[in-house]
Structures are given as structure tokens and as C-alpha cells.
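Asks: For reference, the structure I am asking about is given below.
There are 2 protein chains.
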Amino acid sequence: MRLKELAEHLGLSQTTVSRALNGYPEVNEATRQRVAETAARLGYRPNASALRLATGRSGAIGMVLHGANEFGPHTTEFLGGMGARLALEEVDILFTTVSSYQEELAAYRRAAASQKVDAFVLSSPTLSDERADLLLDLGLPFVLHGRTNIARPVAWLDIDNTGAVERATTHLLDLGHRRIALLNGIKGRTFSEHREIGYLAALSARGIPFDPALMGNSIFTDEIAFRMAQTMLELRPRPTAFPLACRGVRSPPPAPPRR
Amino acid sequence: MRLKELAEHLGLSQTTVSRALNGYPEVNEATRQRVAETAARLGYRPNASALRLATGRSGAIGMVLHGANEFGPHTTEFLGGMGARLALEEVDILFTTVSSYQEELAAYRRAAASQKVDAFVLSSPTLSDERADLLLDLGLPFVLHGRTNIARPVAWLDIDNTGAVERATTHLLDLGHRRIALLNGIKGRTFSEHREIGYLAALSARGIPFDPALMGNSIFTDEIAFRMAQTMLELRPRPTAFPLACRGVRSPPPAPPRR
DNA sequence: CTGAAAGCGCTTACAG
DNA sequence: CTGAAAGCGCTTACAG
Chain W
1 MRLKELAEHL
11 GLSQTTVSRA
21 LNGYPEVNEA
31 TRQRVAETAA
41 RLGYRPNASA
51 LRLATGRSGA
61 IGMVLHGANE
71 FGPHTTEFLG
81 GMGARLALEE
91 VDILFTTVSS
101 YQEELAAYRR
111 AAASQKVDAF
121 VLSSPTLSDE
131 RADLLLDLGL
141 PFVLHGRTNI
151 ARPVAWLDID
161 NTGAVERATT
171 HLLDLGHRRI
181 ALLNGIKGRT
191 FSEHREIGYL
201 AALSARGIPF
211 DPALMGNSIF
221 TDEIAFRMAQ
231 TMLELRPRPT
241 AFPLACRGVR
251 SPPPAPPRR
Chain P
1 MRLKELAEHL
11 GLSQTTVSRA
21 LNGYPEVNEA
31 TRQRVAETAA
41 RLGYRPNASA
51 LRLATGRSGA
61 IGMVLHGANE
71 FGPHTTEFLG
81 GMGARLALEE
91 VDILFTTVSS
101 YQEELAAYRR
111 AAASQKVDAF
121 VLSSPTLSDE
131 RADLLLDLGL
141 PFVLHGRTNI
151 ARPVAWLDID
161 NTGAVERATT
171 HLLDLGHRRI
181 ALLNGIKGRT
191 FSEHREIGYL
201 AALSARGIPF
211 DPALMGNSIF
221 TDEIAFRMAQ
231 TMLELRPRPT
241 AFPLACRGVR
251 SPPPAPPRR
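As given, the protein sequences belong to chains W and P, one line each in that order. The letter at position 37 of the first sequence is residue 37 when you use our numbering, and the numbering goes up by one with no holes. The letter at position 187 of the second sequence is residue 187 when you use our numbering, and the numbering goes up by one with no holes.
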């Protein structure tokens, strides 16, 4: 069912039907009612491509993800919430998978040229995020999920990583602990830096010296965290009731390949 | 950069440039070269909406997911692989989030009418999958990730759930175990039924009676599995070294809300 | 081998 | 308040 057919069915012009459907003020209320009813009854839905071509808006927002690496529980939970919210506006999420940083940058250039999406959401920003600079240059709207320190202003949303880790560390200090480890994210990610700042602040506020052996930086997986924790505990062997075996991991997995 | 500009730049018609870019056989090889080079140099990329409108293909395949529920590690791993493969063909994944089964069906109808996607991938099929019937009726191509028992033939891909669980169960029987529990997926999902069949087959092959108390059906989360396992173990209390505490779960979480 | 023109299905000035 | 027509940026018969 195309607009043209719907218009013929109603004995109206495409113009009027289009306006009635899109809520333009100048159309007669009775006409609008009739159009709305008939459209609903006939199950009319505008062709997405035609609409996009005519309006210049794609009705989709994009995300580019790094293959399997980035599909952790965090990203997917974020995607779920984002999808639910965007569904209300009938905007879609279009995502592209890449396998390298170069590919990611290329994906943004491609998307800009082909006008597939109206905007992007970037996750896991680095302190000096090159992607943000690129999108700014390309004139593509975007919002950062996290923060970056590039000179130009960017839209972002983030939690208070520094405050959260500072309070968590302080809480453990309050309980009397003195050797507190930080299993942190990858070095260079903004959130990792922010968490480190919170951790160090809490320690120094109590005059506890920082022990580099108690801080690990890596990606967030059960296996890696397990290995890091185990290494740290071995530094000071003693019986522990801490449940290290998790998800079937009973011994440290082999080291990841290096390139 | 539009096709028209590129054509003017080259002193050719849009027609020829379009054909050169799309690999039509009738264009002169020298012309093709020149077009390809210039297009690359100028960073020309066809407008996605225009291309879709003209060809009738959307260049995207769709998935509809149930909000936060379905964003488990399994789905996301699947999405990652799918995205990587589709990226090679320059086809995008467009996903929509819904919060009920009714909404899911509505989403397919909408997608069919607006022609947003060329095909769908359905996951977690039920034994008698209504969605598959709907898509068949709508004439929308799709492939099932899993199987269903509806009468009409459908394209699907799946693993051998029955064989896998049968072998796993047999392995435990070989080790001398006799009280073997099955923490299974939701009742009614095809894969759950298939796994149950494998489990029962392995037990009966050794003449072990089936104990309903040792089979649980629910969604796959650490918390639920922990609770199910704990309940089963309490049936036969005895000291165990089995590491039940996982991911910080130390006591069973509250029961999920019922409607 | 190349091009002029119609068409894909919408929106939106412009005119009435 | 309504409509005829141009335009969005491509593809593709049709003609040469």
C-alpha cells in the first residue's frame, strides 16, 4: 500500500494525505480523522527509504562495535536500554561490526558519505579520542558514552567513576582493610583513569602508600579478573575463603596472544 | 558528493557512471578505470536511501530483541559473528527492542509495511513459532536460529542440542554419577525440549529413573542457575566442595515477580 | 559503448 | 483548507 493508492482510495491528493498523516496544522480536522482511520484500517506505512530520501533524515542512529570483544554485559545492557527508548520515537539502531581501530574510523567515514544514520553513539572513549575528532570534522552528530579530553566540546553522558571508586575504596578502608587491589579497565580509557584517580585519592586520604602490584589493567572478563586477583593474592600467600573458582574457571587460562 | 556531481566532474552521464561503479559489463574498461579512480579519490559513496528506493532492497537485515531479557552472552556473541559476516557484504543489522510478544509481532508487521529490512533473523524459537508463521504470511524472508515444529518449511540453523546433552549426561554417567541434574532453558523453547530429550535418552539408556526434582526450567542467568542448583542440592544435604558462590552471589536472590 | 528520461515513494514550497 | 508539480539521489529499460 503506497501513499498514492491510499490517496486514491480516499479521493484526496497525496499532498493532503501526507499532511494529514504527519500532523500538519492546516488540514481540516474531519479530513484528518478520515485519513487516519483509513490508513490504520488499510495498514498503511510509509516506505522508509522514500521517506528518508525525501526528508534527508535516516531515522536511525548508529553504533560501531568491535566484534566479539565489545559485546560484554555492559555494552549489551546499554544497547537494550537505548533500544527501548529509541523504539518510542520509531528510530532504529543500526550497528556495524569492525575488527580494528582503522576499520572503525573507516566505518564512520562511510556512514557519513552514505548518510545511513543521523547520529552516532560512541562507547569506551579514550583520553584523547580520535573518533570524536573525526566525527566533529565530518559534521556527524554524536554523543559519547563516557568522557574524553579533546579540546573541542562534545556531548557526553557518564557516571562518576572517580567518586564511585573513591567511595568504594574508602568503605573498605573503613572496614579496616589496608591492602586493597584495583582491578581496573584498559589503560588509556577515560573511565579507567578516572577510577584510578578515585582509588589513589582514597588511599592517600588515609596515608596508605600505593602499591603498583595491587593495580591491574585489562579488559573486563571473568577469566582475566580471576587471573589478576590470583596473581595479587599469591604475593601474600595465606589461607583464604575467597571464592576464586567462578564459572568453571579452575586454573588460570593461557595468556592472550600478543601482536 | 552526489552521483550527478561525480558525473559532471568526469564529463560522463550519470547512467554511465552508475553502470561503471556497479560493474555492469557493457562499459568500456578504460572508462571504468577512470570512474573508479575518480570516485575513490573524491570519496564518493551512493546515498543509501536513494539506492534503496531505486532498487527496492534495503541492504539491512533485522532482529527484534526483548529488551534487557534477551541480551545475554549468547545473543550478543551471535550478533557479533553475524555482524562481522554481514559487514563483508556491506549489509547492516538493524535491531528493534520490544517488551512483549505482542509488540514483537507488531514490529514484524511494521517492518514489512515500511520495507526497512530485506530479511529477519529470529532467535529462541518455540515449538510452534507464531512469528515464523506470521513472517511466512507476510512474505518476509527469514532464517530461524533454532528449530520449530510448524507445518510449513522454514530456513533454520541450529546445533545438535539433543546430541550434546545426551553425550554430556553419558559422560557423567561414565564417571559413575547417578544423580545428575539438568538446568534447562524455558519450557516450550525448542532447544529446551531437545536438550530434555537428550538428557532423558542418556538416563534411560543406563536404566536410571528420571527424577523430576532434578530438572529445572528457566532463563539462563547465573542467579537463577545458582538458586536451582542450591534447591536441588538441599534435597540431599551433605558436605560439598562445589563452588556455589559465583559472581558475588552469596545467598539466593528474591524470587522473580509473577504476573 | 553511452545517454536522456522515467521511475522508485515520499515531502514540501508554491499557488489557489 | 486542498492540490499540481518539483525534487530527494539513485537505477534501468529504451534508444542510439
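Even glycine gets a Cβ: it sits at the ideal position worked out from N, Cα and C.
#1: Of all the residues that make up the segment 204–234 of chain P, which are near chain W by a beta-carbon distance shorter than 9 Å?
#2: Can you look up T148 of chain P in the DSSP assignment and give me helix, strand or coil?
#3: Quick check on the DSSP output: what are the complete alpha helix (DSSP H) runs of length 4 or more inside the segment 160–196 of chain W, in order along the chain?
#4: Would you be able to state if there are at least three C-beta pairs under 8 Å between the segment 100–117 of chain W and the segment 109–122 of chain P?
#5: Less than 8 Å separating the beta-carbons of W156 of chain P and G146 of chain P?
#6: Is there a Cβ of chain W sitting closer than 8 Å to that of R2 of chain P, yes or no?
#7: Give the single residue among W:L94, W:E90, W:D118 whose Cα lies nearest to the Cα of E90 of chain P.
#8: So the candidates are W:G83, W:D129, W:G80; which of them puts its Cα closest to the Cα of E104 of chain W?
#9: Relative to the C-alpha of H9 of chain P, which candidate in P:E37, P:F191, P:N28, P:P25 has its C-alpha closest?
#10: Looking only at C-alpha atoms, which of P:I197, P:T31, P:L214, P:A205 sits nearest to R179 of chain P?
#11: Is it the case that the segment 18–28 of chain P contacts the segment 76–89 of chain P, given that we only count it when at least three CB pairs across the two stretches are under 8 Å?
#12: On a Cα-Cα basis, can you pick out the residue from W:G188, W:T31, W:M232, W:N184 that is closest to Y199 of chain W?
#13: Could you say if the segment 45–53 of chain W and the segment 50–63 of chain P meet the contact criterion of at least three C-beta pairs nearer than 8 Å?
#14: Consult DSSP for R2 of chain P and reduce its assignment to one of helix, strand or coil.
#15: Against chain W, does I61 of chain P count as a neighbour if the rule is that its beta carbon must be under 8 Å from one of theirs?
#16: Residues in the segment 100–121 of chain W with C-beta within 8 Å of chain P's C-beta atoms, listed in sequence order?
#17: Over what stretch of residues does the alpha helix (DSSP H) that includes D137 of chain P continue unbroken?
#18: Quick one: Cα of G139 of chain W to Cα of G23 of chain P, how far?
#19: Under 8 Å between C-beta atoms, does I93 of chain P make it to chain W?
#20: Taking Cβ-Cβ distances below 7 Å as the criterion, which residues of the segment 27–52 of chain P are in contact with chain W?
#21: Name the chain W residues that come within less than 8 Å of A87 of chain P, Cβ to Cβ?
#22: For V64 of chain P, collect the residues of the same chain with a Cβ closer than 6 Å to its Cβ; drop the 5 residues on either side in sequence, then sort them by chain order.
#23: Contact criterion: CB-CB distance below 8 Å. Does T170 of chain W meet it with respect to chain P?
#24: Give every residue of the same chain whose Cβ lies closer than 7 Å to the Cβ of A201 of chain P, excluding the five residues on either side of it in the sequence, and list them in chain order.
#25: Indicate whether at least one CB of chain P lies closer than 8 Å to the CB of G83 of chain W.
#26: Would the beta-carbon of T76 of chain P fall within 8 Å of that of T31 of chain W?
#27: Let me see if you follow: with CB-CB separation under 8 Å, is T126 of chain W close to chain P or not?
#28: Exposed or buried, V143 of chain W, counting other C-beta atoms within 10 Å across all chains shown (16 or more means buried)?
#29: How many whole angstroms separate the CB atoms of T190 of chain W and L127 of chain W, which I take to be in contact at a CB cut-off of 8 Å?
#30: Under 8 Å between the Cβ atoms of G80 of chain W and F120 of chain W?
#31: Identify, in the order they occur along the chain, each residue of the same chain with its Cβ nearer than 6 Å to the Cβ of R19 of chain W, setting aside the five sequence neighbours on each side.
Replies: With the given structure in hand:
#1: D222
#2: coil
#3: 161–174
#4: no
#5: yes
#6: no
#7: W:L94
#8: W:D129
#9: P:E37
#10: P:L214
#11: no
#12: W:N184
#13: yes
#14: coil
#15: no
#16: R109, R110, A113, S114, Q115, K116
#17: 130–138
#18: 31 Å
#19: yes
#20: G43, R45, P46, N47, A48, S49, A50, R52
#21: T96, T97, V98
#22: T96, V98, E104, A107
#23: no
#24: E166
#25: yes
#26: no
#27: no
#28: exposed
#29: 6 Å
#30: no
#31: V27
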